[in-house]
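Peer 1:
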Amino acid sequence: AFESNGRGHVINSRLEQYSPLFAWRFTGTFKKYGDRHTPNYFLNNTGSEEVNFSIQLEKKWTEKLFMEFYTSSFSTQLGILRGSHIGNLTDLQSAFNRETPFFTEDNFSYEIDAPSQVVLHHLAKAKFRYYISDQQKLELTVASQINNRKEFDIRRSGRSDIPALSLLQLTLNTELKYSHNFKNDWNFIISNQNIITDNSNNPETGILPLIPDYLTWRRGLFSTIQKSIDDTDFNLGVRYDYEHQKVATISDNIPREIIRYDNYFLNFSGLFSIKQNFDNSQSISYNIGLATRNPAVNELYSNGLHQGVSGIEEGYINLIPEKAVKNTIEYKWFPNTNFTLNALAYHQRFQDYIFLNPQDEIRLTIRGAFPVFQYEQTDATIYGLDVSSQFTLSNSFLGMIKYSFLRGNDISNDEPLILMPPNSFYGSMTWQPKADIELSNNYRLEETALEFNYKLVMEQTHLLSEQDFVPAPVGYNLLGLKLSSNMITPHYKVRLFIKADNLLNTSYRDYLNRLRYYADDLGLSITTGLNFKF
107 AFESNGRGHV INSRLEQYSP LFAWRFTGTF KKYGDRHTPN YFLNNTGSEE VNFSIQLEKK
167 WTEKLFMEFY TSSFSTQLGI LRGSHIGNLT DLQSAFNRET PFFTEDNFSY EIDAPSQVVL
227 HHLAKAKFRY YISDQQKLEL TVASQINNRK EFDIRRSGRS DIPALSLLQL TLNTELKYSH
287 NFKNDWNFII SNQNIITDNS NNPETGILPL IPDYLTWRRG LFSTIQKSID DTDFNLGVRY
347 DYEHQKVATI SDNIPREIIR YDNYFLNFSG LFSIKQNFDN SQSISYNIGL ATRNPAVNEL
407 YSNGLHQGVS GIEEGYINLI PEKAVKNTIE YKWFPNTNFT LNALAYHQRF QDYIFLNPQD
467 EIRLTIRGAF PVFQYEQTDA TIYGLDVSSQ FTLSNSFLGM IKYSFLRGND ISNDEPLILM
527 PPNSFYGSMT WQPKADIELS NNYRLEETAL EFNYKLVMEQ THLLSEQDFV PAPVGYNLLG
587 LKLSSNMITP HYKVRLFIKA DNLLNTSYRD YLNRLRYYAD DLGLSITTGL NFKF
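Okay, so the sequence shown: first residue is 107 according to this note's numbering, each after it adds one.
#1: Thinking C-beta only, is ARG188 closer than 8 Å to ALA151?
#2: Does the region 556-566 come close enough to the region 576-589 that 3 or more CB-CB pairs lie under 8 Å?
#3: Note down the Cα distance separating ILE192 from PRO577, rounded to an integer number of angstroms.
#4: Below 8 Å on the Cβ atoms is my guess for ASP512 versus ASN501; work out the distance and round it to an integer in Å.
#5: Below 6 Å CB to CB, which residues in the same chain sit around PHE603 once its five sequence neighbours on both sides are set aside?
#6: Let's see if you can read the secondary structure: which residues bound the beta strand (DSSP E) around LEU195?
#7: Looking only at its chain, what residues have a beta carbon closer than 6 Å to the beta carbon of ARG235, apart from the 5 residues adjacent to it on each side?
#8: Just to confirm my understanding: we take ASN611, look at its own chain, exclude 5 residues before and 5 after, and list those with CB closer than 8 Å. What are they?
#9: When you compare only the Cα positions, how much space is there between PRO527 and ASN463?
#10: For the structure I just gave you, are there three or more beta carbon pairs, one from the region 370-380 and one from the region 336-347, closer than 8 Å?
#11: When burial is assigned at 16 or more other CB atoms within 10 Å of the CB, is ALA475 buried or exposed?
#12: Can you tell me whether DSSP reads PRO309 as helix, strand or coil?
#13: Rounded to whole angstroms, what's the CA-CA distance from ILE304 to ALA541? Just pull it up for me.
#14: Quick one: Cα of ASP627 to Cα of SER613, how far?
#15: Assuming GLN223 and ILE252 are in contact, meaning their beta carbons sit under 8 Å apart, how far apart are those beta carbons, in whole angstroms?
#16: Would you call PRO221 buried or exposed, if buried means 16 or more other Cβ atoms sit within 10 Å of its Cβ?
#17: I'd like to confirm the pairing. Which residues does DSSP put opposite ASP492 in its beta bridges?
#18: Going by DSSP, name the residue or residues bridged to PRO477.
#19: To the nearest angstrom, how far is it from the Cα of GLU419 to the Cα of TYR176?
#20: For MET535 and GLY505, what's the separation of their Cα atoms in angstroms?
#21: Would you tell me roughly how many angstroms separate the C-alpha atoms of ALA451 and TYR392, rounded to the nearest one?
#22: Would you be able to state if there are at least three C-beta pairs under 8 Å between the region 398-414 and the region 432-439?
#23: I need the DSSP call for GLY140, collapsed to helix, strand or coil.
#24: Please state if the CB of ASP458 and the CB of ILE488 are separated by a distance shorter than 8 Å.
#25: At the level of alpha carbons, what is the spacing between LEU327 and PHE374?
#26: Using DSSP with H/G/I as helix, E/B as strand and the rest coil, what is GLY414?
#27: Measure from the alpha carbon of LYS599 to the alpha carbon of each residue in PHE638, LYS137 and PRO579, then state which is nearest.
#28: When DSSP builds the beta bridges, which residues end up paired with THR280?
#29: Out of TYR348, PRO441 and ILE356, state which residue places its alpha-carbon closest to the alpha-carbon of SER389.
#30: Taking the Cβ atom as the reference point for each residue, do HIS350 and THR311 lie within a distance shorter than 8 Å?
#31: Hey, quick one: how far does the beta strand (DSSP E) through VAL224 stretch, first residue to last?
#32: Would you give the residue range spanned by the beta strand (DSSP E) that ASN547 belongs to?
#33: Which residue comes first and which comes last in the alpha helix (DSSP H) that contains TYR407?
#34: Rounded to the nearest angstrom, what separates GLU155 and ASP616 at their Cα positions?
#35: State the DSSP-derived secondary structure class of GLN538, mapped to helix, strand or coil.
#36: Out of ASN608, HIS597 and ALA625, state which residue places its alpha-carbon closest to the alpha-carbon of PHE640.
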């Protein structure tokens, strides 16, 4: 595939084979992008490179015992918009109001300079399934991850090659799950999960780390019971969680001191749902759940520059677990193959909701001037409605529409919740001829489709002007087009596609993208690709 915006090219290959000995699959991907661009200027230093691969093995040892093994390696280098790292307070205030970011040049480049990030992610997972009987099954999963993240800043005296953040995280996961399908449509599951995470920072960066060293143990036990009675389905679930966090932070004051914390959390969660099916074409379901979420280490102890979003983030050590009760009701109607309708309404009430709140502060550091964000807690509600429909206008025209409404309120302070997605609408129309298109005696096109889509994102008006550093951006409209087809030859199948995103090259900024403080979002992008199956 080739994409015009960023002049990116992607190569992906997959080889797989089944044999009586074992089944295997290999997947590999290479991506390279240069500077992206808005309708009016380049987003300098936003290139990226990515190389990854995975290997999956499956083996049937006996009629009752199966094994799966999966391993993957992912590596990427990401440039960060140069215009989002500002040297002084005056320039940062100016950057919030500029139409064109600082450090913008008219020349395209594949080079990635500081600020940038390098991420390495390695995963290995083994899964065993043993069928005790036709109704009973045991599953054991063991997985480990190694994550290494380095962030590079613009540093003086030629030290930009020394990372400002160098983080190594090791994780070990295990899960043992037992399933039993009883008579009379009863289904029972019980599972135990364990996660150990060891996070450490390289002290040779010379900069206090954003996230401190920590070691966490998480243990979870959950069980679900499912039952069907005629046209009614019932589901009941309970969960118990235990977490122990051992954290070592470094004080802000000089001389530096290591401050250690031991945190223990015990939580219970539950879920009940009921679904009623009507005349094979309609169903209505209701869910109520109690969920508890512990504050994460970054929410408690973050203290520094979060480089990827160009902001200083500060944790709050007195955070307590977040509790929520969520109610949802969903209606589905599918009278025939030509029409479906789905509507989902939800309401969630939070006690001690944890969120990242912009502060009325811009801070000057040795790494530049940045806006300050802090993790806080409040009581809150989030409610909304999602509606979608798919329909056929004729034998060759297929349509789809989606609408999403969401509203969040800070009850304790009687104000809107910040960083809530704005309301949006999406629609598409696809022309897909039923008959194949003959090219010659041995060549033809099948599954040809021409899609036109439209996305409307409304302005986030449920917000106070003093809650953020800049006002929420205005709403925007995006048009897209996609043409795809399968070319069938005597020996091969080739899928061809071309698509255009932001077809009208609209200038816009997305409210949930924190780089919107500095620059517009992406302009017109045309992607063309070929999938060759042999």
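We put the beta carbon where it would ideally sit given N, CA and C, even for glycine.
Peer 2: With the structure as the only source:
#1: Looking at the sequence shown, residue 151 is not Ala but Asn. Going by beta carbons, ASN151 and ARG188 fall inside the 8 Å limit.
#2: As far as the Cβ criterion goes, the region 576-589 touches the region 556-566, which means the pair count is three or higher.
#3: The C-alpha of PRO577 is placed about 20 Å away from the C-alpha of ILE192.
#4: Residue identity check: residue 512 is Leu in the sequence provided, not Asp. Going by Cβ atoms, the distance from LEU512 to ASN501 rounds to 37 Å, so no, they are not a contact pair.
#5: If we look at PHE603 and ignore the five residues flanking it on each side, its Cβ neighbours are SER590 and GLY635.
#6: Looking at the DSSP string, LEU195 is not in any beta strand (DSSP E); the run it does join, the alpha helix (DSSP H), is 195-203.
#7: Only PHE172 and GLU245 meet the Cβ criterion.
#8: Excluding sequence neighbours, ASN611 sits near PRO145, GLY629 and LEU630.
#9: PRO527 and ASN463: Cα-Cα distance of roughly 15 Å.
#10: The region 370-380 makes contact with the region 336-347; the number of CB pairs closer than 8 Å reaches 3 or more.
#11: By the neighbour-count criterion, in which a residue is buried when 16 or more other Cβ atoms sit within 10 angstroms of its Cβ, ALA475 is buried.
#12: Here PRO309 carries a helix assignment [DSSP, helix/strand/coil].
#13: The displayed chain sequence assigns Asp, not Ile, to residue 304. A straight-line Cα-Cα distance of about 57 Å links ASP304 and ALA541.
#14: Each residue's CA atom was taken as its position, placing ASP627 and SER613 some 7 Å apart.
#15: The Cβ separation is near 17 Å, so there is no contact.
#16: With a 10 Å radius around the Cβ and a threshold of 16 neighbouring Cβ atoms, PRO221 comes out buried.
#17: DSSP output for ASP492 lists LEU450 and SER510 as bridge partner(s).
#18: Note: PRO477 sits in a beta bridge opposite ILE468.
#19: If you take the alpha carbons of GLU419 and TYR176, they lie about 35 Å apart.
#20: Cα-Cα distance, rounded: 5 Å.
#21: When rounded, the distance between both Cα atoms is 10 Å.
#22: Taking one beta carbon from each stretch, the region 432-439 and the region 398-414 have fewer than 3 pairs nearer than 8 Å; the two do not touch.
#23: Coil at GLY140, not helix or strand.
#24: Against a cut-off of 8 Å, the Cβ pair of ASP458 and ILE488 comes out as no contact.
#25: Computed Cα separation, rounded: 10 Å.
#26: Three-state DSSP puts GLY414 in a helix.
#27: The shortest C-alpha separation from LYS599 is found at PHE638.
#28: DSSP lists VAL248 and ASN300 as the beta-bridge partner residues of THR280.
#29: Nearest of TYR348, PRO441 and ILE356 to SER389, Cα basis: PRO441.
#30: Result no, Cβ atoms of HIS350 and THR311 do not sit closer than 8 Å.
#31: Here the beta strand (DSSP E) through VAL224 covers 222-237.
#32: First-last for ASN547: undefined, no H or E at that position.
#33: Here the alpha helix (DSSP H) through TYR407 covers 403-407.
#34: Roughly 24 Å between the two C-alpha positions.
#35: Secondary structure at GLN538: coil, using DSSP grouped into helix, strand and coil.
#36: For the set ASN608, HIS597 and ALA625, the Cα lying nearest the Cα of PHE640 is the one of HIS597.
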